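Student: Mapping the sequence shown onto my numbering, position 90 (from 1) lands on 71, and the numbers just tick up by one.
Beta carbons: idealized from backbone N, C-alpha and C, even for Gly.
All figures in this text were calculated on a predicted structure; none of them were measured in a lab.
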Amino acid sequence: MTTGGKIDPRSLWQLARRRKWFLIIPPLVALLGAYYRVTNLPSLYRSETVIQIGNAASLSARMNDFVDGSGVKKPIQMRNLSEDLLAQLLSVEVLGEVIDRIDLKPSQGMLDEAKKVQLEHPEESLDTIVRRMQVEWLARRFFDGGVTFAKRGSSMRIAFEHTDPDKAYAIVKTLSEVFIEQNLARESKSAAIAIGFSKEQEERYRQQYEEALERLRRLKEQTTFEQTRKLAVNLNNEAQANATLNSLQVDLNRQQDLLAGLEARLSGATGNLTISETPRMTELRQRLFQKAEALVTVMIQFDWRDANVINVNQEIAALREQFREEVSQQLGPGLSSGELDLAVQRQIARLDLDLLKREKTKLEDLLEAYRFSIAKRPVQEMQLAEAQKQVNDLGTALYAFRSQAQRSELGQDLQETSADERFRIINPANRPLMPVPQNEAQILLIALFGGLGFGIGAVYLLEFFDHSFKSVDDVETQLGVAVLGVIPRIEMAEPAKAKRPF
-18 MTTGGKIDPR SLWQLARRRK WFLIIPPLVA LLGAYYRVTN LPSLYRSETV
32 IQIGNAASLS ARMNDFVDGS GVKKPIQMRN LSEDLLAQLL SVEVLGEVID
82 RIDLKPSQGM LDEAKKVQLE HPEESLDTIV RRMQVEWLAR RFFDGGVTFA
132 KRGSSMRIAF EHTDPDKAYA IVKTLSEVFI EQNLARESKS AAIAIGFSKE
182 QEERYRQQYE EALERLRRLK EQTTFEQTRK LAVNLNNEAQ ANATLNSLQV
232 DLNRQQDLLA GLEARLSGAT GNLTISETPR MTELRQRLFQ KAEALVTVMI
282 QFDWRDANVI NVNQEIAALR EQFREEVSQQ LGPGLSSGEL DLAVQRQIAR
332 LDLDLLKREK TKLEDLLEAY RFSIAKRPVQ EMQLAEAQKQ VNDLGTALYA
382 FRSQAQRSEL GQDLQETSAD ERFRIINPAN RPLMPVPQNE AQILLIALFG
432 GLGFGIGAVY LLEFFDHSFK SVDDVETQLG VAVLGVIPRI EMAEPAKAKR
482 PF
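1) Can you pull the DSSP bridge partners for V31?
2) What are the boundary residues of the alpha helix (DSSP H) that includes V502?
3) If contact is defined by three or more beta carbon pairs under 8 Å, each pair taking one atom from either stretch, is the region 270 to 277 in contact with the region 339 to 349?
4) Is the separation between the beta-carbon of I83 and that of A151 shorter than 8 Å?
5) With distances taken from CA atoms, which of L62, L4 and L460 is nearest L443?
6) CB Q115 to CB I139, shorter than 8 Å?
7) Rounded to the nearest angstrom, what separates I256 and V308 at their Cα positions?
8) Please report the residue range of the beta strand (DSSP E) in which F430 lies.
9) Taking three-plus beta-carbon pairs below 8 Å as touching, is the region 19 to 35 in contact with the region 154 to 161?
10) With distance defined between alpha-carbon atoms, name the residue in L391, L429, F404 and V440 nearest to A175.
11) According to DSSP, simplified to helix, strand and coil, what is T225?
12) Which of the three DSSP states is assigned to F304 in this structure?
13) Given K96, which residues of its chain have a CB within under 8 Å of its CB, disregarding the five upstream and five downstream residues?
14) Between the alpha carbons of Q188 and T377, how many angstroms are there, rounded?
15) How should L460 be labelled, buried or exposed, when 16 other C-beta atoms within 10 angstroms of its C-beta is the threshold for buried?
16) Using a C-beta cutoff of 8 Å, does R113 count as contacting chain D?
17) Classify Y17: buried if its beta carbon has 16 or more other beta carbons within 10 angstroms, exposed otherwise.
18) Checking 8 Å against the spacing of the C-beta atoms, do P7 and F446 come in under that value?
19) Quick check on this structure: which residue in D454, S28, E345 and T20 has the alpha carbon closest to the alpha carbon of P409?
20) Compute the distance between the beta-carbons of T263 and Q311, then report whether it is under 8 Å.
21) Please classify V128: does DSSP put it in a helix, a strand, or coil?
22) To the nearest angstrom, how far is it from the Cα of V214 to the Cα of N227?
23) With DSSP as the reference, identify every bridge partner of Y26, one or two as the case may be.
24) List the endpoints of the continuous alpha helix (DSSP H) containing R286.
25) Are three or more beta carbon pairs between the region 350 to 359 and the region 129 to 147 nearer than 8 Å?
26) DSSP three-state call for D374: helix, strand or coil?
27) Quick one, are the C-beta atoms of L247 and R327 less than 8 Å apart?
28) Of the residues S136, E274, I110 and L334, which one's Cα is nearest the Cα of Q237?
29) Are there 16 or more other CB atoms within 10 angstroms of the CB of A193, so buried, or fewer, so exposed?
30) CB L344 to CB F304, shorter than 8 Å?
31) For my contact list, L542 and A330 are in at a C-beta cut-off of 8 Å; report their separation, rounded to the angstrom.
32) Using 8 Å as the Cβ pair cut-off and three pairs as the minimum, do the region 70 to 77 and the region 122 to 132 touch?
33) H102: buried (16+ other C-beta within 10 angstroms of its C-beta) or exposed?
34) Do I291 and L276 have their C-beta atoms closer together than 8 Å?
35) By the DSSP assignment, the alpha helix (DSSP H) with V487 in it spans what residues?
36) Taking the CB atoms as reference points, tell me whether P416 and Y26 lie closer together than 8 Å.
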């Protein structure tokens, strides 16, 4: 076959003549098979649609704060969504809805296969098995090139081939409709969930906000009342009040000593020293107590030379004189003038002691009220600050959820308005009128070259395993002797047949 490292055409020609049937029969058989396949191949009708997927309508930058999802978005790249969209298209939910809408009937072969599966799994019903097989059949058909996505754009093409043009059209049209409807329903449901959650939280925080606002109002009223209440003792006269309290204590001690001396001097009296408390004396005593409390109030606010202090002292002196006269009238007989005077002094001393005690008690109450107010003020301020912070936090949360609900509602309205822009069918499905061209010439050429390749391969294998001498060169190479002559193949002649007479 080779001479000097080159291919010898004569050897190839001899090889082709010797193995001619291996080069003729396989291509002929392949051509006959391809022709039979082409002539008996059922006609397929193809229906397709193109869906463009875009963003929802966008508003101006100013409106982004008022409407969720209204900002300007980048164009959708299908390469980022192709797997998700394909999984959604081929989901059991979508394909099952397509089967139900077009009332797709299973083929007889599918029914027979389903019955075999039911024998292996008797716990499953025949309808369930058939439904699953229909869904799997549709999913395989669409997965094998039925759905293609644009490489640079934002569209996808859905195509389906079937021997029945009506079924091909119905499947593609229904699948596109179900896909768009479910996507819009899912987006609407998501918006509805967001709106419901926002409104629920808004109502919850609104109640908490109103309660916190009411607590803050009560605290402010209480604090305002405490701050605006005029206390007799304040920062300016606290020292004077303490000095007055000390002075009253000294007067109390002195008055107690005076009363003890009078009691001692009257201990030896022989007359009746009992004095009955008359209504008049009780009235005067109460009025004196009131004046004593008033005196304490003005004494810590004004100087002892002030007219207010002088007036109260004069009123006390007048009431005290009336009380003295009433006591003198109630003393019993049998007392000397000296004893009578001592008895009156004792009653007045007791009255003065009671007045001093009342003044001291009143002053201590005023000082205690002032100290309590001072101690309570930081607590009130802290409570006010905490209540105000709680109101601010709840108000912020309430405003956030209220704004979120409003934005979600506007976003839902925007999605419904821009539904046509979100999913737009730019090439609607049509009922195919002509079958898909099968490209018979290409099939025949493939069969021809395939058969020829098979024949050449068979010839190569036969030659590879054939170790006989095929040329003079092979003999000289293998045996190492020169060939002087070649005797051609001798064909034995058939014996002559007897001639038959006609």
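Tutor: In short:
1) R138 and N408
2) Residue 502 is absent from the model: the chain starts at -18 and stops at 483.
3) yes
4) yes
5) Of the candidates L62, L4 and L460, the one whose C-alpha sits nearest the C-alpha of L443 is L4.
6) No, the pair does not count as a contact, with Cβ atoms beyond the cut-off.
7) 7 Å
8) No beta strand (DSSP E) contains F430, which is instead part of the alpha helix (DSSP H) from E421 to F446.
9) Proximity of the region 19 to 35 to the region 154 to 161 meets the contact definition, three or more beta-carbon pairs being nearer than 8 Å.
10) Taking only the C-alpha atoms, the option nearest A175 is L391.
11) helix
12) DSSP, reduced to helix, strand and coil, places F304 within a helical segment of the structure shown.
13) L107
14) In a straight line, the C-alpha of Q188 is about 14 Å away from that of T377.
15) With a threshold of 16 other beta carbon atoms within 10 Å, L460 falls short and is exposed.
16) Within the model displayed, chain D is absent; a lone protein chain is all it includes.
17) exposed
18) No; because the gap between Cβ atoms is not below 8 Å, this pair is not in contact.
19) The candidate whose alpha carbon is nearest that of P409 is S28.
20) no
21) strand
22) So the two alpha carbons sit approximately 15 Å from each other.
23) H143
24) Careful: R286 lies outside any alpha helix (DSSP H) and carries neither H nor E.
25) No: the two stretches stay apart, fewer than three of their Cβ pairs being nearer than 8 Å.
26) The DSSP-derived three-state label of D374 is helix.
27) yes
28) L334
29) buried
30) L344 places its beta carbon 8 Å or farther from that of F304.
31) Outside the displayed range of the chain (-18 to 483) lies residue 542, so it cannot be described from this structure.
32) When Cβ pairs closer than 8 Å are counted between the two stretches, the region 70 to 77 is seen to touch the region 122 to 132, the count reaching three or more.
33) With a threshold of 16 other beta carbon atoms within 10 Å, H102 falls short and is exposed.
34) no
35) Within the shown structure, residues of the chain are numbered from -18 to 483, placing residue 487 beyond reach of any answer.
36) yes
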